[in-house]
Every structure is written in C-alpha cells, then in structure tokens.
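*Asks:* Our numbering applies: residue 22 is where the first sequence begins, and numbers increase by one.
Quick one: the structure is below, and I'll ask about it shortly.
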Amino acid sequence: MNYWLVKSEPFKYSWDDFVKEGKSVWDGVRNYQARNNMMAMKKGDWVFFYHSNEGMEVVGLAEVQKEHFPDPTTEDPRWVVVELIPVKKFAKTVTLKTMKADDRLSGLALIKQSRLSVTPVAKAEFDIILSLAE
DNA sequence: GCCAACGTTGGC
DNA sequence: GCCAACGTTGGC
C-alpha cells in the first residue's frame, strides 16, 4: 500500500467536481516524474487531493480505482492516466502553511518539489496529514 | 503580477 | 552532449 498526493487547480477541476462525477481519469500529466509516480500507483492506494494556487490545501482523500493506462487525450504513447474515486472530504483541510510549519513534514515531496503535480507521500507523512485533517 | 524553480527545446 | 533560451508551474 502506497500513498500519494495529486494537485489540481480548483477553478479547473475541484474536489467538488470530482465528487459530482464520482470518479476522475487523471489526464493531462506531461511530466516524466509525475508520470512515473502514476505508473507506480496500485489499485487501492490512497491519494490526497490538493488544491493548488487557490486554497493551497489538502481537501480530501481519494483512492486509486484503476491502475495506469494510456492517456486517452493524446496519441503520444509515453503518457498514462489513472482513475481515481473520492473517498472522503476532510472535516478540516490541511493548508500548505500548516504542512510547512510542521517539522515532521519537512521531507514532503510536495514542499521540496512544489511544481510536481503527482508526488509520493510516506506512510508516516500520510498519517500525520490525516490526523491534522480530523 | 512577480519571480524562483525547473523542465524542455534546439543550436552548436 | 552541452548549455542558453524559453515556457510553465505555483507560491507569495
């Protein structure tokens, strides 16, 4: 079981859009590192849903429903997508500010590589963020 | 709106 | 294969 974090700009695709649709094919990723992370996702892995730009906070938890398959939005065979389903919206969102202020989260890939749209989350980090969300 | 960080492209 | 130029992302 692995843990991840995906970013989305809420005015493009928000948590509410995600819940409304009931699932999401995570397409449009055009970065090798992010792609590699998606290829490492397994069905049942948990994924934090983070709002970038506006909000800058983790808003909910998703689950990997389908492991990687070719990105239907491009002919280019290099790119893949995964399918995610919403699990739950957090009672309390966890802001970037909060995570940055927490020493235990100083190694978080989200913080170290702020431009990467799909990042891994260590189990310890996952547990900490989850505890902050309740 | 600015700018730092970083990835990609293309000329040599 | 190097590196300058350029584009994009995302925090502030």
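In this text, a Cβ means the ideal position worked out from N, Cα and C, and glycines have one as well.
Do you know whose CA, among Val27, Asp48, Ile150 and Tyr34, lies nearest Asp97's CA?
*Replies:* Residue 97 sits at position 76 when you count from the first residue of the first sequence. Nearest of Val27, Asp48, Ile150 and Tyr34 to Asp97, Cα basis: Asp48.
*Asks:* State the CB to CB distance for the pair Glu155 and Lys113, rounded to an integer number of angstroms; the pair is presumed to be in contact (CB under 8 Å).
*Replies:* Taking the first residue of the first sequence as position 1, residue 155 is located at position 134. Taking the first residue of the first sequence as position 1, residue 113 is located at position 92. Going by Cβ atoms, the distance from Glu155 to Lys113 rounds to 7 Å, so yes, they are a contact pair.
*Asks:* Considering only residues of the same chain and omitting the five flanking positions on each side of Val50, which have a CB-CB separation below 7 Å?
*Replies:* As a first step, residue 50 is located in the first sequence; it is residue number 29 there, counting from the start. These residues qualify, in order along the chain: Arg56, Met59, Trp100, Ser138 and Val139.
*Asks:* Of the residues Tyr24, Asp37, Ala61 and Leu131, which one's Cα is nearest the Cα of Glu84?
*Replies:* Against the first sequence, residue 84 aligns to sequence position 63. Looking at the Cα atoms, Tyr24 is the closest of the given residues.
*Asks:* Can you name, in chain order, every residue of its own chain whose Cβ lies under 8 Å from the Cβ of Phe111, other than the five neighbours on each side?
*Replies:* The residue you call residue 111 lines up with position 90 of the first sequence. Around Phe111: Val79, Val80, Gly81, Leu82, Ala154 and Glu155.
*Asks:* Hey, could you find the ends of the alpha helix (DSSP H) Leu131 is sitting in?
*Replies:* Residue numbering aside, residue 131 sits at position 110 when the first sequence is read from its first letter. Ala130 to Lys133 is the extent of the alpha helix (DSSP H) around Leu131.
*Asks:* As a quick exercise: from Ser45, Glu88 and Tyr71, pick the residue whose alpha carbon is nearest that of Gly65.
*Replies:* What you label residue 65 is simply residue 44 of the first sequence in a count that begins at 1. For the residues Ser45, Glu88 and Tyr71, the minimum Cα distance to Gly65 belongs to Glu88.
*Asks:* Spatial neighbours of Lys2 within its chain, please: C-beta separation below 7 Å, excluding the five flanking residues on both sides.
*Replies:* Residue 2 lies beyond the residue range present for the chain, which begins at 22 and ends at 155; the question has no answer from this structure.
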